[in-house]
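Remarks on the structure that follows.
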Amino acid sequence: MSSPIQSLLPASRSRLRRLLADLPLSIAVSAVLAIFISLVSGQFLENFLVSILIGIVAFTIVNGGRLLWWDRPHWGVREWAPFLALAVAAAPVAHFTGLRAGGMLLGIRTPTLAEYPTQGRLSMILFTMIGTMMMVVLVMYRERVRRIEEEHAAARLRAEIIERQALQAQLRLLQAQIEPHMLFNTLANLQGLIAIDPDRAGEMLDQLIQYLRATLSVSRGETTTLEQEFAAMQAYLGLMGVRMGERLAYRLDLPPELKTARLPTMLLQPLVENAIVHGLEPKVDGGEVVVKASAAGDSLVIDVCDTGLGLGQVHGRRGGGVGVSTTRERLEALYGERATMSLTQAPPQGTLARLTLPLETAA
Numbered sequence: 001m002s003s004p005i006q007s008l009l010p011a012s013r014s015r016l017r018r019l020l021a022d023l024p025l026s027i028a029v030s031a032v033l034a035i036f037i038s039l040v041s042g043q044f045l046e047n048f049l050v051s052i053l054i055g056i057v058a059f060t061i062v063n064g065g066r067l068l069w070w071d072r073p074h075w076g077v078r079e080w081a082p083f084l085a086l087a088v089a090a091a092p093v094a095h096f097t098g099l100r101a102g103g104m105l106l107g108i109r110t111p112t113l114a115e116y117p118t119q120g121r122l123s124m125i126l127f128t129m130i131g132t133m134m135m136v137v138l139v140m141y142r143e144r145v146r147r148i149e150e151e152h153a154a155a156r157l158r159a160e161i162i163e164r165q166a167l168q169a170q171l172r173l174l175q176a177q178i179e180p181h182m183l184f185n186t187l188a189n190l191q192g193l194i195a196i197d198p199d200r201a202g203e204m205l206d207q208l209i210q211y212l213r214a215t216l217s218v219s220r221g222e223t224t225t226l227e228q229e230f231a232a233m234q235a236y237l238g239l240m241g242v243r244m245g246e247r248l249a250y251r252l253d254l255p256p257e258l259k260t261a262r263l264p265t266m267l268l269q270p271l272v273e274n275a276i277v278h279g280l281e282p283k284v285d286g287g288e289v290v291v292k293a294s295a296a297g298d299s300l301v302i303d304v305c306d307t308g309l310g311l312g313q314v315h316g317r318r319g320g321g322v323g324v325s326t327t328r329e330r331l332e333a334l335y336g337e338r339a340t341m342s343l344t345q346a347p348p349q350g351t352l353a354r355l356t357l358p359l360e361t362a363a
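In my numbering, the protein residues as written are 1 to 363.
As structure tokens, then:
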């Protein structure tokens, strides 16, 4: 169990980083004031060094106090009153501390507080106070901008999470719509085959069990390996092969080095199903479906190609099915512009669906 002191360390480090990040701003303000003083009184080197030291001391006191005691997004009178009091008190401390430190570095004697003329003392402290307040305003403006950017980033992250959850829910709904429909058709075919072709009915039942086992294993997570996804497609195509008989030929090409590549769960089934339902089933003599994976640099390319009727031949539905549009939306939400999906005419006849997404491998 961590101690209270250990729990404070991350917050302390964060405040220290923010303090150091704003330090160049205080040095820049001090340098501008040093140039102004030098134009009035000369002695640029002495004025520059002393002004920088005064600015650093004032900045450390005021901004350090703000980060330590008043580090909150919204301020009221209870926060502003003591903070302004600290800024006023920091001016004389910073002035005489910076003056003494500058004298020690330059090897010159600097006047003590008692040796300062009253008017000169007040004017220098007032000038230091003005410089301190300038730094405070600039630092707090930067802090406000930083908080707004963090809030916007958090809002974008929440929106992305919600969108991803919505897509996952949409995917589950799509699966819930597809699987019962396919199961009912398969069971109806089984019922008819049992009486006339028991061997083929047994083969269909075996393929159905393999398909359910494969999809259950794949659908448990948000991502899966390409090997598991291809196993699910093998089971699905095997089941469709029993149903369509010689009208369906299929081939899956997965290089061994890509078996551990990761991709979103059940990304390929809508494309394979689209190829069969809209491409091959309406075609009298059927055709072939080829699912192929390859690597192109840092990208994973997956092709689902069929020799069916082709784009636009079945009431214009080949490019606008629910499964295809859901696949596009999932890719856009998960990868943005890093992933693409295209549907093109495959020579001499058929459709080529191509997915291109970042190549990520399982740990």
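Even glycine gets a Cβ: it sits at the ideal position worked out from N, Cα and C.
Straight-line gap, residue i to residue j (C-alpha atoms, nearest Å)
i: S400; j: L359; result: No information on residue 400 is available, as it lies outside the stretch 1 to 363 that the chain covers here.
i: R317; j: Y141; result: Only weak support exists for where R317 lies, its pLDDT of 46 falling under 50; the value from the coordinates is given anyway. Distance between the alpha carbons of R317 and Y141 is about 55 Å.
i: E332; j: T340; result: 8 Å
i: I56; j: L23; result: 7 Å
i: F59; j: I125; result: 15 Å
i: Q234; j: G192; result: 24 Å
i: L8; j: L68; result: Any reading at L8 must be qualified, since the residue scores a pLDDT of 42, below 50, and its modelled position is unreliable; no value is offered.
i: H315; j: L309; result: Low local confidence applies: a pLDDT of 49 at H315 is under 50, so the model's placement there is unreliable, and no value is given.
i: L334; j: T327; result: 11 Å
i: I52; j: L84; result: 22 Å
i: I196; j: K292; result: 36 Å
i: M244; j: L212; result: 19 Å
i: H152; j: R338; result: 23 Å
i: P92; j: S30; result: 15 Å
i: R262; j: W80; result: 53 Å
i: K259; j: R156; result: 34 Å
i: A188; j: L208; result: 13 Å
i: L254; j: E281; result: 25 Å
i: R147; j: R164; result: 25 Å
i: Y368; j: G287; result: In this structure the chain extends from 1 to 363, so residue 368 is not present and cannot be described.
i: L105; j: M133; result: 26 Å
i: F127; j: A90; result: 12 Å
i: E160; j: L49; result: 50 Å
i: H95; j: V145; result: 30 Å
i: H278; j: E143; result: 58 Å
i: G336; j: V290; result: 27 Å
Cutoff 6 Å; reference residue i; Cβ partners in own chain excluding five residues on either side
i: G131; result: L33
i: L355; result: I302 and M341
i: V139; result: D22 and N63
i: A346; result: C305 and L352
i: A101; result: L53
i: Q210; result: A235
i: A214; result: A231, A232 and A235
i: R247; result: G286
Per-residue DSSP class, three states only, for residue i
i: T253; result: The sequence given here places Asp at residue 253; Thr does not occur at that position. Of the three classes helix, strand and coil, the one that applies to D253 here is strand, per DSSP.
i: E133; result: Before going further, note that residue 133 is Met rather than Glu in the sequence given. DSSP places M133 in helix when its eight states are reduced to three.
i: D22; result: helix
i: L8; result: Legend: pLDDT at L8 = 42, less than 50; position of this residue unreliable, value from coordinates given subsequently. It is helical.
i: G336; result: helix
i: E222; result: coil
i: A159; result: helix
i: S310; result: Checking the sequence, you will find Gly at residue 310 rather than Ser. Residue state, collapsed to three classes: coil.
i: I261; result: Here the sequence assigns Ala to residue 261, which means Ile is not the residue at that position. Of the three classes helix, strand and coil, the one that applies to A261 here is strand, per DSSP.
i: E281; result: coil
i: G287; result: strand
i: L268; result: coil
i: A201; result: helix
i: I52; result: helix
i: G297; result: coil
i: Q349; result: coil
i: I125; result: helix
i: R17; result: helix
i: I148; result: helix
i: I108; result: coil
Cross-strand partners of residue i (DSSP beta bridge)
i: L33; result: Per DSSP, none; premise fails for L33.
i: L341; result: With the sequence shown as reference, residue 341 is identified as Met, and Leu is not the correct amino acid for it. L355, per the DSSP bridge assignment.
i: D303; result: K292 and R354
i: E360; result: R262
i: L248; result: G287
8 Å Cβ shell around residue i - same chain, five flanking residues per side excluded
i: E257; result: A295
i: V88; result: M129
Own chain, CB closer than 7 Å to residue i, minus 5 neighbours either side, in chain order
i: A28; result: none
i: R18; result: L67
i: V136; result: V62 and A87
i: Q349; result: T307 and G310
i: S14; result: none
i: K283; result: G308 and L309
Q: Decide if the segment 197-207 is in contact with the segment 221-232; the criterion is three or more beta carbon pairs, one per stretch, under 8 Å apart.
A: The segment 197-207 is not in contact with the segment 221-232.
Q) Would you call the segment 236-251 and the segment 264-281 in contact, with 3 or more CB pairs under 8 Å? A) Yes, the segment 236-251 is in contact with the segment 264-281.
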